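If you read the sequence shown in the numbering used here, its first letter stands for residue 1035, the second for the next number, and so on. Cβ atoms here follow ideal geometry from the backbone N, Cα and C, with glycine treated the same way. Note that the structure is a prediction, hence the values are computed from the model and not measured. Below: one structure, written as structure tokens.
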Amino acid sequence: MPSSERHKKIPASSSRLISKMRRLLLLTLLFLIGCGSAATNEDSDSVEKELPTIEVAVLEVTPQPWPREIRSQGNLTPDDRAIIGSEIEGRVDQVHVDLGDSVEEGTPLVTIKQEEFKLRVEQAEAELLQTRSALGLQPGTPISALDPQKAPPVMEAKALWREAKAHLDRAQQLQSSNSISLAEVEQLQAATDVAEARYRSAINSVQEKIALIGVKQAEVSLAKDDLQNTIIHAPFKGMVVIRQISPGTFVRVGDPAIALVRLDQLRFRGTIPERYALQLSKGQKVELDIESVPEPLVVEVTRISPAVDLANRSLLFEALIDNSDGKLRSGLFATGRVVTDEEATAIVVPSSALVEFAGSEKVWKVVDGAAEEQQVLTGERRDGRIEIVKGLQSGDVILQTGTEGEVARVNVTSRAVAENKSSQRDPAK
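Written as structure tokens, this is what we have:
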């Protein structure tokens, strides 16, 4: 049987029906594709409406003056401090000052009972007068005017010696004519020798008494010094910080009585880490921040320790502070910034431009009118400004307020870049 006979013939009406169904399916597919494209366009339009073009403040990053500094902490200490004690033993009669009193140099601070010391002066003066009288010195006559040969004891001994010698000379003349015995001559010779010895002894005695006068004069001076030391005076102009005695207290030599400090000039004593030791030198400027003082004080390094403290590996230095107005107090805490390079520059941005989150630091950098995140590494922070060590270069433009970066991610209209070019201050200030 022929193959054409094995297949059934399809009627013409069925063929037309299948063709219509195919066209209908194709039209339906095209309609669905068109609807999806329209929905996509509508979504795109809505996104563009959600991210409008906004106007934000930007600034161009340029190197700014950024002096290199070394941070330090320390305290204000008095230029001079003295714990004043007694130089003699005695009972306190009066205390003339109290805590916080201001005193001038030489002001009496404490008086010790003086009666006993006055008696000692009188006794020493009487002994001196007695010694001078023994040598024939009148009151007021200097000891240098005394000639030992003219001292009464010496003159007496010398006269006896001359008399004995004259007797001996006459006896020797008589003995040559046998008018006197040899024994009598020998007796006169012995008397002459004794007289000479007494004369020599008188001279030695006078010289001893002259030396004794010096001793008595020293005793008088010491007694007067002790009397003067019954009044303790202020060694310098300052203020009383400690009073440790009261009237009636018995004090011994060296017992502390009054603590005095000089406050017209203070010292800032600070330390810096060992790694900065070679960068520190005398004359460098130091900016001090003190809590009770609204403005920083600018002073200079005046003294530097010659050795590093081995306990904490730090170097001590001092800076003098003028306190003639007396506003500052000893013991105040201060932080210092030692300027080591005044000409240094750095890339600096205002603190408002930096965004910090979870340990990450970034700014919003403007590229082709759009804000993009830029990770940065920061350095020192001063007065609302932050040093950028890594991540920005001179000429980069960033958002002045970093929080605007989220809403200005797509389109940014810069507002007067030139106006902000030199401004690196925090706009909030």
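Under DSSP, residue 1188 forms no beta bridge with any residue. Burial state of residue 1238 is exposed, judged by a 10 Å Cβ sphere holding fewer than 16 other Cβ atoms. Residue 1159 is a Cβ neighbour of residue 1254, given a cutoff of 7 angstroms. Within 10 angstroms of the beta-carbon of residue 1232 lie 16 or more other beta-carbons, which makes it buried. Residue 1208 is classed as exposed because its beta carbon has fewer than 16 other beta carbons within 10 Å across all chains shown. With a cutoff of 7 angstroms on beta-carbon distance, residue 1116 and residue 1300 are scored as not near each other. Excluding sequence positions up to five before and after residue 1132, its CB lies within less than 7 angstroms of the CB of 1274 and 1277, all in the same chain and listed in chain order.
As for any beta strand (DSSP E) of minimum length 3 sitting wholly inside the stretch 1315-1343, the runs are 1319-1324 and 1331-1338, ordered along the chain.
Between the stretch 1300-1310 and the stretch 1161-1178, the count of C-beta pairs closer than 8 angstroms stays below three; the two stretches do not touch. For residue 1113, the uninterrupted beta strand (DSSP E) run begins and ends at 1102-1119, by DSSP.
If you check the CB distance, residue 1416 and residue 1384 do not come in under 7 angstroms. The Cβ atoms of residue 1438 and residue 1090 sit closer than 7 angstroms to each other. In this structure, residue 1198 places its C-beta atom within 7 angstroms of the C-beta atom of residue 1226. The alpha-carbon separation between residue 1391 and residue 1397 amounts to approximately 11 angstroms. Distance from the CA atom of residue 1318 to the CA atom of residue 1101, rounded to whole angstroms, is 12 angstroms. In this structure, residue 1148 and residue 1261 form a Cβ contact; the two beta carbons are roughly 6 angstroms apart against a cut-off of 8 angstroms. If you look at residue 1309, you'll find it isn't in any alpha helix (DSSP H); DSSP assigns it neither H nor E. Around the beta carbon of residue 1357, 16 or more other beta carbons sit within 10 angstroms, so the residue counts as buried.
For residue 1382, the closest C-alpha among the options 1425, 1354, 1405 and 1347 is that of 1425. In the structure shown, the three-state DSSP call for residue 1228 is helix. Counting of Cβ neighbours within 10 angstroms places residue 1306 among the buried residues, the total reaching 16 or more.
Here residue 1320 is near residue 1353, since their CB atoms are less than 7 angstroms apart.
In the three-state reduction of the DSSP assignment, residue 1375 falls in the strand class, which pools E and B. The beta-bridge partner set that DSSP reports for residue 1136 consists of 1273. Between residue 1364 and residue 1111, the beta carbon gap of about 6 angstroms places them in contact (Cβ cut-off 8 angstroms). Buried is the label assigned to residue 1371, since at least 16 other Cβ atoms lie within 10 Å of its Cβ.
Short of 6 angstroms from the beta carbon of residue 1308, and not among the five residues preceding or following it, lie these beta carbons of its own chain, in chain order: 1342 and 1347.
For residue 1384, the beta-bridge partners assigned by DSSP are 1419. The alpha carbon of residue 1270 has as its nearest neighbour, out of 1139, 1155, 1211 and 1118, the alpha carbon of 1139.
Per the C-alpha coordinates, the member of 1092, 1097 and 1055 positioned closest to residue 1377 is 1097. Of the candidates 1280, 1433, 1119 and 1216, the residue whose Cα lies closest to the Cα of residue 1289 is 1119.
Taking every protein chain shown into account, the CB of residue 1256 has fewer than 16 other CB atoms within 10 angstroms, so this residue is exposed.
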